[in-house]
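**Student:** Quick one: the structure is below, and I'll ask about it shortly.
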Amino acid sequence: MLVLFGAACASILVEAAVPRDWRFRVQVPLTLISLIVAGGFLVKLATKYADDDGVIQQGTLTAGKAVAIDGPALFLQGALVVLGIIAVLLISERRLETGGAFVAQAAVTAGSQADRRQAKTGGATEVYAMVLFALAGMLLFCAANDLLTMFVALEVFSLPLYLLCALARRRRLLSQEASLKYFLLGAFASAFFLYGVAMIYGFAGRIDFASIHQAVVTSERSKTLLVIGLAMLAIGLLFKIAAVPFHVWTPDVYQGAPTPVTAFMAACTKVAAFGGLIRVLYVAFERSSWDFRPVLGAVAALTMIIGAVLAVTQTDIKRLLAYSSIANAGYLLTGALAMNSDGLRYTMFYLVAYGFTVLAAFGIITLVRDADGEATHLSRWAGLGRRSPLVAAVFTFLMLAFAGIPLTSGFTAKFGVFAAAVGGNMTWLVIVGVVSSMILAFPYLRVVVLMWLSEAGEDTPTVSIPGMFTSIAVAFGVILTLVLGVVPQAALQLAINAGTFLR
Amino acid sequence: MSNFPYLSLLVGLPLVGSAVLAFLPRSQGALAKKLALVWTLVTLGLTVALWVAFKANGARFQLKESYAWIPQWDVHFSFFVDGIALVMIALIGVLVPLVVVASWKTVEKLDGKRSVPAYFALLLALQGLMTGAFASSDVLLFYVFFEAMLVPMYFLIGSYGETPRRQYAAVKFFLYSLVGGLFMLAAVIGLWVYGGHTFNWETLQQADFNTMAERWMFLGFFIAFAIKAPFFPFHTWLPDAGGAAPAPAAALLVAVMDKVGTFGILRYCLSLFPNASKYFAPLAIALSLVGIIYAALLAVGQDNLKRLVAYTSVAHFGFIGIGIFAFTTQSGTGAVLYMLNHGLATGLLFLVVGFLVARRGSASIKDFGGAGKLVPILAGVFFLAGLASLALPGTSPFVSEFLVLIGVFSVYKTVAVIATLGIVLAAGYVLWMYQRTMQGTLNPALKEVPAMNKDIKVRELVVVAPLIALILLLGFYPKPVIDVINPAVKATLIQDLGKSDPAPISTEAKK
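As given, the protein sequences belong to chains A and B, one line each in that order. Residue numbers are given in this note's numbering: position 192 of the first sequence equals residue 192, and the series is strictly consecutive. Residue numbers are given in this note's numbering: position 412 of the second sequence equals residue 412, and the series is strictly consecutive.
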């Protein structure tokens, strides 16, 4: 984590010091190497804390007890680092568009001369610094052991994301609009979170999770404070995971942001946000689970149903995936609300499985393009199976994974969270989940039908030949989707070995 | 030789073959055909070996194999067969090579537009997955096969189908099956949680569930199987899928794939949830009965030959349904035998209809008429297939239908009587179909179609001859198959369900 913060600072220095032509060549290796080094440290820490069976039972609280390094934290951070590497590969793709998918300045008026000029100039490398900061923030978010650290981490990873959304080279106006929307709503959510922290402080007198856990039983102050505080915290967190009714930003932002950034958000933000959410629920408020389980259960049910139903009507592939990510947030919540060790494990497993699939899917979307940039309207995908069978086949596989067909990671993951929820007496939520899965299968299937069973039209876009970076990223995502579906033992064992939270 | 891994080979071989074919370039259509044929013949050989290795009077489940898969969830790649599964696997082994041969012409026409190697790759994948579904002894493994076999069939219907409605049919087929599959998933999860965190079929069989949980899980499985089978009112996808799929694939769909549904009812609903099965039996019988009559009536009104055959299947599945849920060994044995014989008879009927449709270029009955004058031998084969389908004595379906009806009659007289009505209707639609297509005055338009003037070819004869031989052979001498089926059915009904056969007549008086 510290490695990443360091690298992010270094990256800014590079931006300032290295001549423009060289920046890209320095930034990419710097980012990738720092991620790999960070991953190495995580593995080292994990082996240090693992017992003879490989289960991580212990850990430490560092930085004045503000950061917990325990099994789940290490697992999620590891996931973030790996997903981050793939996302960075997607971001680094320069073959599809001259200079990559990004511009340097977000705030230039869309369509103005300056904007047009920067659309022509070579790529912007500022994104790397921002991605690094965002990733570092996410890592901290998963490991935060008190609410204030969590808030800081939330802001650290959110702010770069707001900016990243606005940097699309094409469709500048859409991109800026997405960014603004994300920023405004995100700021609201942060404010709610902060008020929630204040309320909880008022209730417990402390803000570290262990004390809150104590105070839920011992505190003599009014429970109202606790409930209000928890509700406000939840609003902040539910916004980040895009749960109904705090989901409205998702489709617009997913659509407007540059596709590599969308991929980054869909995979990494989801991991981080859920990492934070389950830590708050499991570590701090486990004892008041009777308070929030019905409410959050309702939220999860709504999230699944609304996400699935609205996905059916979408005509833009990025919006479709956005709604599908909303529904997936619901499945994840279902797992998280099981409030048992299975729930923790399989939620984490789901996060990883979903992350790889979604990264690969957005990677493919960056490839399907015409002279005007990416062709994201669904009607344009008709007949893709004829034009480029390989890409269509891979995308079909990913769609089947989203739909949860066996032998893909989607199935293993879904099975895990549903089984955990049944074990945690949330059977009704599983039934809602199953129903919404049925609804959700339809839009995925429609994409498959369009690609294979429709004749290729005049305006079926050609598929660009991907550069090395995207190829690696997509291949990685697809292979892992297959591996986690066919032979998930290793990853499952990792998730199980992650043990439980440290309090 | 008993340790020889027959089952995993039978599942694995076609899948490997499928992978090989999938990587053939599009231009190698001719090679793909031959390769697929050789491959399926090797598999057939293995199936014969499996039949020989199976001891009819041996243990209930034989040739067990087990390999760890996901130890964390206690999931194994484990297989076994009893008589019921054995018969179905044998049916696959016989049918798939014939389907491959029958597809040769169909595929030639598609050459250039669709990839031929991919077609055979899908067929082989389907074969492997279906075999896996029949052989698995792990509930999750079964579920995986059950769902995964949708995918190749979906593409067979959607990509290689013949009518403009193929897309609609493919999506309808997929969604119906997936919905059923998800119900089953919910039940599978329930099984895992309430059954002591295991998927092993034999362990689960010992598990005790509380009544409500058992009923819900039964329903989850039953809905999935009822859609697959298909029972009324979940049958509406079949005429569409059967009508749109290429005839060889449709033969495979109706003859084998749908049997996974009835097979699943026997293996999972009855054996794992005996109390719930008894509780819901009247409902299942009622649905089956409605299916027999309703589908037969609809079949009479069909103009599309393939849809007509699909509707007859819905009616026949009704017979299988009442046979299973009457809970007597006679009716049960009859039902399983029917699963096999219906596969042979309807498979034959679909293939012959496929030949006719390929010649005429249309599946509409109106476009035929007096065709028997042009293709007398083909018409004869068609007639024979029709007779088998309506279960004329001497053909194998007769034996099974007879067994079902005797068995049912000993417990539910009315049901048996109403079901008999279905036989009369069957005679009606089959004969009327034959009359309208093959007899009467020659439709002048038929002469214009050059292909219509060619009678049955050697290749086609090769396809139908084994099926006809089997239908007649099993019609006169079904004993070897019954010997295999009967112990398995007895075990399912008596051990698992705790039902003993009613003494003839006397118990009926109390009802």
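By construction, the Cβ of each residue, glycine as well, lies at the ideal position given by its N, Cα and C atoms.
Going by DSSP, what residue range makes up the alpha helix (DSSP H) through K65/A?
**Tutor:** Taken as a continuous stretch (DSSP letters only), K65/A belongs to no alpha helix (DSSP H), as it is neither H nor E.
**Student:** Once DSSP output is grouped into helix, strand and coil, what is the label at Y388/A?
**Tutor:** In the sequence as presented, Tyr is not what sits at residue 388/A; that position holds Ser. In this structure, S388/A counts as coil in the three-state DSSP scheme.
**Student:** One question on the structure: do T312/B and V411/B come within less than 8 Å of each other, judged by their Cβ atoms?
**Tutor:** No, these two residues do not count as a Cβ contact at 8 Å.
**Student:** Any beta carbon from chain A within less than 8 Å of S331/B's own beta carbon?
**Tutor:** No, because no Cβ of chain A sits closer than 8 Å to the Cβ of S331/B.
**Student:** With 16 other CB atoms within 10 Å as the buried threshold, where does Q255/A fall?
**Tutor:** Buried is the call here.
**Student:** Residues of chain B with a CB under 8 Å from the CB of F442/A: which are they?
**Tutor:** Result: L175.
**Student:** Between which two residues does the beta strand (DSSP E) containing K34/B stretch?
**Tutor:** No beta strand (DSSP E) holds K34/B; the alpha helix (DSSP H) holding it covers G29 to A53.
**Student:** Would you check if there are 3 or more beta carbon pairs closer than 8 Å linking the segment 150–158 of chain A to the segment 125–141 of chain A?
**Tutor:** Flag = yes, the segment 150–158 of chain A and the segment 125–141 of chain A touch.
**Student:** Can you name, in chain order, every residue of its own chain whose Cβ lies under 6 Å from the Cβ of A226/B, other than the five neighbours on each side?
**Tutor:** Answer for A226/B: F234, listed in chain order.
**Student:** Any idea if N453/B is buried or exposed, counting beta-carbon neighbours within 10 angstroms, 16 or more meaning buried?
**Tutor:** Label assigned to N453/B: exposed.
**Student:** Tell whether a beta-carbon distance below 8 Å holds between V404/B and G318/B.
**Tutor:** Cβ distance not < 8 Å, so V404/B and G318/B don't count as in contact.
**Student:** Please state the DSSP three-state secondary structure of L283/B.
**Tutor:** The answer is helix: DSSP assigns L283/B an H, G or I state.
**Student:** Pull up the distance between the alpha-carbon of T420/B and that of I322/B, whole angstroms please.
**Tutor:** Spanning the two alpha carbons is a distance of roughly 12 Å.
**Student:** Let's test the definition: count the other Cβ atoms within 10 Å of the Cβ of A300/A and tell me whether it reaches 16, buried, or not, exposed.
**Tutor:** A300/A comes out buried.
**Student:** Does DSSP put H377/A in a helix, a strand or coil?
**Tutor:** It is a strand residue.
**Student:** Closer than 8 Å, CB to CB, is I305/A near chain B or not?
**Tutor:** So no, I305/A is outside the interface.
**Student:** According to DSSP, simplified to helix, strand and coil, what is H213/A?
**Tutor:** Reduced to three states, the DSSP call for H213/A is helix.
**Student:** Let me make sure I understand the geometry here. Which of V100/B, A427/B, A426/B and M153/B has the alpha-carbon closest to that of L126/B?
**Tutor:** Closest option to L126/B, Cα to Cα, is M153/B.
**Student:** Taking 6 Å as the limit between beta carbons, can you name the residues of its chain near G17/B, skipping five residues before and five after?
**Tutor:** So the qualifying residues of the chain are W39 and L124.
**Student:** Can you find a C-beta in chain E that's less than 8 Å from the C-beta of V430/A?
**Tutor:** Chain labels in this structure do not include chain E; the protein chains are A and B.
**Student:** For chain A, is any of its Cβ atoms less than 8 Å away from the one on L31/B?
**Tutor:** Not closer than 8 Å to any Cβ of chain A, the Cβ of L31/B fails to qualify, so no.
**Student:** Going straight from the alpha carbon of G343/A to that of G39/A, what length do you get?
**Tutor:** If you take the alpha carbons of G343/A and G39/A, they lie about 25 Å apart.
**Student:** What is the residue span of the alpha helix (DSSP H) that F133/A lies within?
**Tutor:** Its alpha helix (DSSP H) spans residues E126 to A143.
**Student:** Starting from L281/A, follow the alpha helix (DSSP H) in both directions and report where the run begins and ends.
**Tutor:** First-last for L281/A: undefined, no H or E at that position.
**Student:** To the nearest whole angstrom, what separates the beta carbons of S219/A and A204/A, a pair I think is in contact under 8 Å?
**Tutor:** Contact flag correct, Cβ pair sits at about 6 Å.
**Student:** Our contact map puts F418/A next to V435/A with C-beta atoms below 8 Å; I'd like the distance itself, whole angstroms only.
**Tutor:** Not quite, the Cβ-Cβ distance comes to about 12 Å (not below 8 Å), so this is no contact.
**Student:** Output, in chain order, the set of chain B residues within a Cβ distance shorter than 8 Å of Q27/A.
**Tutor:** Going along chain B, no residue has its Cβ under 8 Å from Q27/A, so there is no contact; the nearest lies around 39 Å.
**Student:** Short of 6 Å in beta carbon distance, which residues of its chain neighbour V399/B, apart from the five on each side in sequence? Order them along the chain.
**Tutor:** P478, listed in sequence order.
**Student:** Please classify T236/B: does DSSP put it in a helix, a strand, or coil?
**Tutor:** It is coil, neither helix nor strand.
**Student:** When you compare the CB of V283/A with every CB in chain B, is at least one pair closer than 8 Å?
**Tutor:** Chain B contact via Cβ: absent.
**Student:** For a contact defined as C-beta to C-beta under 8 Å, what are the partners of A148/B on chain A?
**Tutor:** Those within 8 Å of A148/B in chain A are I405, P406 and L407.
**Student:** Quick one: what's R369/A bridged to in DSSP?
**Tutor:** DSSP lists E374/A as partners of R369/A.
**Student:** Report the three-state DSSP secondary structure of V463/A (helix, strand or coil).
**Tutor:** In this structure, V463/A counts as strand in the three-state DSSP scheme.
**Student:** Got a sec: is the Cβ-Cβ distance from V20/B to anything in chain A below 8 Å?
**Tutor:** No, its Cβ sits nowhere closer than 8 Å to a Cβ of chain A.
**Student:** Who are the neighbours of Q493/A on chain B, taking C-beta pairs under 9 Å?
**Tutor:** Simply P71 and Q72.
**Student:** Output the boundary residues of the beta strand (DSSP E) element that contains K373/B.
**Tutor:** K373/B -> no beta strand (DSSP E), and no H or E assigned at all.
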